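A.B. asks: Last residue of the sequence shown: 376 (the numbering used here), numbering continuous.
Here's a structure for you.
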Amino acid sequence: MAPMGIRLSPLGVAVFFLLGLGVLYHLYSGFLAGRFSLFGLGGEPAAGGAAEAAGGDGGAVDLREMLAVAVLAAERGGYEVKRVRESNVLHEKSKGKTREGAEDKMTSGDVLSNRKMFYLLKTAFPNVQINTEEHVDASDKEVIVWNRKIPEDILKEISAPKEVPAESVTVWIDPLDATQEYTEDLRNYVTTMVCVAVNGKPVLGVIHKPFSEYTAWAMVDGGSNVKARSSYNEKTPKIIVSRSHAGMVKQVALQTFGNQSSIIPAGGAGYKVLALLDVPDVSQEKADLYIHVTYIKKWDICAGNAILKALGGHMTTLSGEEISYTGSDGIEGGLLASIKMNHQALVRKLPDLEKSGHQ
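Okay, structure coming up:
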């Protein structure tokens, strides 16, 4: 008896052939899709294509990229600040009273700058915490895309990426520092500022002057486009202080440093920090110390703190404590800022200011 076998008709052979081709097609197309996705090719852009969010997976963010976006945000905000002021239509209103009893003012410049700065940073870095002085209205949301280009001056100073966990980052935005002076058309004091803190420590600061178009930036253990001056007067310093309480500081300063010391009343915390540095802006005043004796918000001082720290300077409370940029949005202990001086020796000289800063 002949061996039994299975005979397939031509139709059966064709069916098996087609099934085999189908299996091979699905396997190969899945392989190609996986390969293409590595390069952002295919039907869906990788992580949003041109609008890709840096650190969008919630993992790490690159501080060098954050610096590039912070500079752009400060300048974009500054453009709005300048445009509104030059239109002379500020839509000025009060948010209430400060602790000192002064009007806490807000203008269209604050609001429009805040919107540009916040949404540019939020679109680029959606998974980091952003604290800003002004309220962000969800109905005014903008998707402002960063082109992923890092300016040459940043690349020159910071040659390699510096990644940190996104969850460790807090961004502080001041969309218009010196609003009171802005309403008085004292334009020189006005700045826009961005600061990045990592685990509460200020590591990246940007201060932009919209009306002179000067921008200072620095990264701790990275680089900067600004530097300290060659010398400072520690014995009889020029002390820059807020216009609102110059008399209070002057009295104690004269007691501490003698009659040869002088007081420079000024608006804006950003402006005051720049006064301690070698700034090419000819309209910028120069000082040796910056002292503040009352409550102050962290978005006012974080950028300046980061820049000073990057340059080897110091900003502390009047009692010499480091300022943490997490938690509450303000500090009670006043502040002292210096560079190229014995900071702790200065702290010990100012016991009366420390007391008044807590009043």
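Backbone N, C-alpha and C fix where the C-beta goes; we use that ideal spot for every residue, glycine too.
Note that the structure is predicted; figures quoted are calculated from it, not measured.
Whole angstroms are fine: how far does the CA of ASP170 sit from the CA of ALA85?
C.D. replies: On the sequence shown, position 68 is the one that residue 85 refers to. On the sequence shown, position 153 is the one that residue 170 refers to. Straight-line Cα distance between these residues: approximately 10 Å.
A.B. asks: List the endpoints of the continuous alpha helix (DSSP H) containing ALA85.
C.D. replies: Position 68 of the sequence shown holds residue 85. Element bounds for ALA85: 80-104.
A.B. asks: Note the first and the last residue of the continuous beta strand (DSSP E) segment covering GLY222.
C.D. replies: On the sequence shown, residue 222 is found 205 positions in, with the first residue counted as 1. Unbroken beta strand (DSSP E) run through GLY222: 218-226.
A.B. asks: With distances taken from CA atoms, which of PHE228, SER229, ALA233, HIS309 is nearest LEU221?
C.D. replies: Position 204 of the sequence shown, counting from 1, holds the residue named residue 221. When each option's Cα is compared against that of LEU221, the closest is ALA233.
A.B. asks: If ILE256 sits next to ILE190, beta carbons under 8 Å apart, how far is it from one beta carbon to the other, in whole angstroms?
C.D. replies: Counting from 1 along the sequence shown, the entry for residue 256 is found at position 239. Counting from 1 along the sequence shown, the entry for residue 190 is found at position 173. No, ILE256 and ILE190 are not in contact; Cβ-Cβ is about 28 Å, not under 8 Å.
A.B. asks: Return yes when the Cβ of VAL78 is within less than 9 Å of the Cβ of PRO182, no when it is not.
C.D. replies: Position 165 of the sequence shown, counted from the first residue, corresponds to residue 182. Position 61 of the sequence shown, counted from the first residue, corresponds to residue 78. Yes; because the gap between Cβ atoms is below 9 Å, this pair is in contact.
A.B. asks: Answer with buried or exposed for SER377, where buried requires no fewer than 16 other C-beta atoms within 10 angstroms of its C-beta.
C.D. replies: The chain is shown from 18 up to 376; residue 377 falls before or after that span and cannot be answered.
A.B. asks: Can you give me the Cβ contacts of GLU339 inside the same chain, cut-off strictly under 7 Å, excluding the 5 residues immediately before and after it?
C.D. replies: One-based indexing of the sequence shown puts residue 339 at position 322. Around GLU339: THR333.
A.B. asks: Among VAL269, GLY285, THR253, whose alpha-carbon lies nearest the alpha-carbon of SER261?
C.D. replies: Indexing the sequence shown from 1 puts residue 261 at position 244. Nearest option by C-alpha distance: GLY285.
A.B. asks: With respect to the beta strand (DSSP E) encompassing ILE167, which residues constitute its N-terminal and C-terminal limits?
C.D. replies: Mapped onto the sequence shown, residue 167 falls at position 150. It is not in any beta strand (DSSP E) - ILE167 carries neither H nor E in the DSSP assignment.
A.B. asks: Nearest-angstrom Cα distance between VAL211 and GLY329?
C.D. replies: Stepping through the sequence shown from its first residue, residue 211 is reached at position 194. Stepping through the sequence shown from its first residue, residue 329 is reached at position 312. Approximately 19 Å, taken between the alpha carbons.
A.B. asks: What distance in whole Å lies between the Cβ atoms of ARG102 and ARG204, which are believed to be in contact at a cut-off of 8 Å?
C.D. replies: Residue 204 sits at position 187 when you count from the first residue of the sequence shown. Residue 102 sits at position 85 when you count from the first residue of the sequence shown. Yes, they are in contact, since the Cβ atoms of ARG204 and ARG102 sit about 7 Å apart, within 8 Å.
A.B. asks: If you draw a straight line from the C-alpha of TRP316 to the C-alpha of TYR249, how long is it?
C.D. replies: For this step, residue 316 is matched to residue 299 along the sequence shown. For this step, residue 249 is matched to residue 232 along the sequence shown. Each residue's Cα considered, the two are about 27 Å apart.
A.B. asks: Tell me which same chain residues have a C-beta within less than 7 Å of the C-beta of GLY337, skipping the five on either side of it?
C.D. replies: Against the sequence shown, residue 337 aligns to sequence position 320. Hits under 7 Å: GLN361, VAL364.
A.B. asks: Please confirm whether any heavy atom of the ligand GDP lies closer than 8 Å to the CB of VAL162.
C.D. replies: The model on display carries no ligand, and the ligand GDP is accordingly not part of it.
A.B. asks: Along the chain, where does the beta strand (DSSP E) containing HIS331 start, and where does it finish?
C.D. replies: For the purposes of this step, residue 331 is taken as residue 314 along the sequence shown, with counting starting at 1. HIS331 -> beta strand (DSSP E) spans 331-333.
A.B. asks: Go to GLN277, then tell me how far its alpha helix (DSSP H) extends in each direction, as first and last residue.
C.D. replies: By 1-based counting over the sequence shown, the position of residue 277 is 260. Element bounds for GLN277: n/a, residue is neither H nor E.
A.B. asks: How is the alpha helix (DSSP H) around LEU129 delimited, first residue to last?
C.D. replies: The residue labelled residue 129 in the question sits at position 112 within the sequence shown. Start and end: 125-141.
A.B. asks: Would the segment 157-169 count as touching the segment 184-200 if we require 3 or more Cβ pairs under 8 Å?
C.D. replies: Output reads no: the segment 184-200 does not touch the segment 157-169.
A.B. asks: List the DSSP bridge partners of GLY347.
C.D. replies: By one-based count along the sequence shown, residue 347 stands at place 330. LYS314.
A.B. asks: Would DSSP call ALA177 helix, strand or coil?
C.D. replies: Locating residue 177 in the sequence shown gives position 160, counting from the first residue. In this structure, ALA177 counts as coil in the three-state DSSP scheme.
A.B. asks: Kindly list the residues whose CB is nearer than 8 Å to the CB of ILE281, restricted to its own chain and excluding five residues on each side of it in sequence; keep chain order.
C.D. replies: Mapped onto the sequence shown, residue 281 falls at position 264. Closer than 8 Å at the Cβ level, and outside the excluded window around ILE281, lie LYS255, ILE256, ILE257, VAL258, ALA292, GLU302, ALA304.
A.B. asks: Leaving out five residues on either side along the sequence, give the residues of the same chain with a beta carbon under 6 Å from the beta carbon of SER377.
C.D. replies: Outside the displayed range of the chain (18 to 376) lies residue 377, so it cannot be described from this structure.
A.B. asks: With burial defined as no fewer than 16 other Cβ atoms inside 10 Å of the residue's Cβ, what is the status of ASP5: buried or exposed?
C.D. replies: No statement about residue 5 is possible, as the shown extent of the chain runs from 18 to 376 and does not include it.
A.B. asks: With DSSP collapsed to three states, give me the class of SER156.
C.D. replies: The residue given as residue 156 occupies position 139 in the sequence shown. SER156 falls in the helix class under three-state DSSP.
A.B. asks: Mapping DSSP to helix, strand and coil, what is VAL364?
C.D. replies: The count along the sequence shown starts at 1 and reaches residue 364 at position 347. Residue state, collapsed to three classes: helix.
A.B. asks: Is VAL186 helix, strand or coil when you go by DSSP?
C.D. replies: Within the sequence shown, the letter at position 169 stands for residue 186. The answer is strand: DSSP assigns VAL186 an E or B state.
A.B. asks: I'd like the list of long-range same chain contacts for LEU58, defined as Cβ closer than 7 Å, with 5 residues on each side in sequence excluded.
C.D. replies: For the purposes of this step, residue 58 is identified with residue 41 of the sequence shown, where counting begins at 1. The pLDDT assigned to LEU58 is 30, lower than 50, so where the model puts this residue is not dependable; a value taken from the coordinates is nonetheless given after this. Here the set comprises nothing.
A.B. asks: What did DSSP end up calling GLU302 once you bin it into helix, strand or coil?
C.D. replies: Against the sequence shown, residue 302 aligns to sequence position 285. Coil, per DSSP.
A.B. asks: Would you identify the three-state DSSP class for VAL296, choosing helix, strand or coil?
C.D. replies: Here residue 296 corresponds to residue number 279 of the sequence shown, with the count starting at 1. Reduced to three states, the DSSP call for VAL296 is coil.
A.B. asks: Do you know whose CA, among ARG81, VAL213, GLY275, LEU80, lies nearest THR149's CA?
C.D. replies: Locating residue 149 in the sequence shown gives position 132, counting from the first residue. Of the listed residues, the one whose Cα sits closest to THR149 is VAL213.
A.B. asks: By a C-beta neighbour count over all protein chains shown, 10 Å radius and 16 as the cutoff for buried, is ALA155 buried or exposed?
C.D. replies: By 1-based counting over the sequence shown, the position of residue 155 is 138. Its Cβ having fewer than 16 others within 10 Å, ALA155 is exposed.
A.B. asks: For GLU82, does the count of other Cβ atoms within 10 angstroms reach 16, so buried, or fall short, so exposed?
C.D. replies: Residue numbering aside, residue 82 sits at position 65 when the sequence shown is read from its first letter. Per the 10 Å Cβ criterion, buried.
A.B. asks: Can you grab the Cα-Cα spacing for the pair VAL186 / LYS289, in whole Å?
C.D. replies: The residue labelled residue 186 in the question sits at position 169 within the sequence shown. The residue labelled residue 289 in the question sits at position 272 within the sequence shown. For VAL186 and LYS289, the distance between alpha carbons rounds to 26 Å.
A.B. asks: Can you tell which of ILE324, GLU349, LEU107 has its C-alpha closest to the C-alpha of SER355?
C.D. replies: The residue given as residue 355 occupies position 338 in the sequence shown. Considering only alpha carbons, the answer is ILE324.
A.B. asks: Give me the Cα-Cα distance between GLN277 and VAL153, rounded to the nearest whole angstrom.
C.D. replies: Position 260 of the sequence shown, counted from the first residue, corresponds to residue 277. Position 136 of the sequence shown, counted from the first residue, corresponds to residue 153. Taking the straight line from one Cα to the other gives about 47 Å.
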